[in-house]
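Structure first, commentary second.
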Amino acid sequence: MAHEWLVRNYGPRCTLVCAASVLRCLGAAEDAPLVDTIAHCTGFRERSGPPVLAYLGGHSALDRGIERAARLGGIRVRSRTRFVVRWRDIIASLDAGVPVVLNCYRAPSRQWSHSVLAVDHATSPRRLLTLDPNDGAYRWLTWLRPATGWVCTATFITAGAGAADVGRAQRCDRADGP
Numbered sequence: 025m026a027h028e029w030l031v032r033n034y035g036p037r038c039t040l041v042c043a044a045s046v047l048r049c050l051g052a053a054e055d056a057p058l059v060d061t062i063a064h065c066t067g068f069r070e071r072s073g074p075p076v077l078a079y080l081g082g083h084s085a086l087d088r089g090i091e092r093a094a095r096l097g098g099i100r101v102r103s104r105t106r107f108v109v110r111w112r113d114i115i116a117s118l119d120a121g122v123p124v125v126l127n128c129y130r131a132p133s134r135q136w137s138h139s140v141l142a143v144d145h146a147t148s149p150r151r152l153l154t155l156d157p158n159d160g161a162y163r164w165l166t167w168l169r170p171a172t173g174w175v176c177t178a179t180f181i182t183a184g185a186g187a188a189d190v191g192r193a194q195r196c197d198r199a200d201g202p
């Protein structure tokens with residue numbers, strides 16, 4: 025059973041729908057134009073998705089789009105996309121109950137250039153349980169084993185102080201999963 029907050033993918037929008045899924049998990053309104061807002065802010069193109077430049081910078085266009093979409097969804101968040109992806113940062117977010125958007129050269133589904141959500145972890149060996157927006161399936165990614173998935177960026181989205189509707193914010197419990 026997939027998480028009820030998962031936004032399913034359509035076309036080359038995997039990064040956008042993963043980010044929108046995290047926003048819904050954090051309490052963003054279901055009817056808010058989350059994916060469209062992020063797409064507009066990143067320069068999304070139907071044939072190729074967001075350009076590489078959307079991921080670059082200290083506060084990238086992707087991050088700004090996620091934060092803008094969150095405001096339209098009635099919540100406040102802080103988004104940071106990182107090229108240097110550290111295990112401890114992913115685990116800290118997961119332990120706080122917030123999924124992490126993983127943009128992969130190769131996803132656990134073996135699809136190239138695809139984004140998935142990290143939703144849980146195991147420590148020995150270091151593995152991440154991922155949720156794929158294409159099929160709603162869960163797959164394990166073994167850390168530093170490219171055959172199981174190869175992460176190039178991670179986007180961390182955290183609930184911000186002063187959320188418009190704090191009562192709607194929630195922990196994205198792993199109990200919602202498989």
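Counting from 25, one number per residue, gives the positions in the sequence shown under my numbering.
A virtual CB, placed ideally from N, CA and C, is assigned to each residue, including glycine.
State the CB to CB distance for the pair residue i and residue j, rounded to an integer number of angstroms; the pair is presumed to be in contact (CB under 8 Å).
i    : j    : result
S45  : P170 : Incorrect: roughly 25 Å between the Cβ atoms, too far for contact.
A52  : T66  : At roughly 17 Å, the Cβ-Cβ gap does not stay under 8 Å, so A52 and T66 are not in contact.
G184 : V122 : The pair is not a contact, with the Cβ atoms about 12 Å apart (cut-off 8 Å).
Y129 : S137 : 7 Å
Based on the DSSP secondary-structure assignment, which residues constitute the bridge partners of residue i?
i    : result
W174 : R130
W167 : Note: W167 sits in no beta bridge, so no partner.
L152 : H145 and L165
A183 : V101
Check whether the Cβ atoms of residue i and residue j lie closer than 8 Å to each other.
i    : j    : result
A93  : I62  : yes
S103 : I90  : yes
R48  : G160 : no
R106 : P132 : no
T39  : V125 : yes
A85  : L118 : no
V109 : V175 : yes
L165 : T177 : no
G82  : A56  : no
R95  : V59  : no
Is residue i close to chain B, meaning its C-beta is less than 8 Å from at least one C-beta of that chain?
i   : result
R92 : Of the chains in the structure shown, none is chain B; there is only one protein chain.
Completely contained alpha helix (DSSP H) runs for the stretch 100 to 141, where each covers 4 or more residues: You should have 111 to 119.
Entirely enclosed alpha helix (DSSP H) segments - the stretch 27 to 92, minimum 4 residues: 38 to 49 and 58 to 66, all fully within the stretch 27 to 92.
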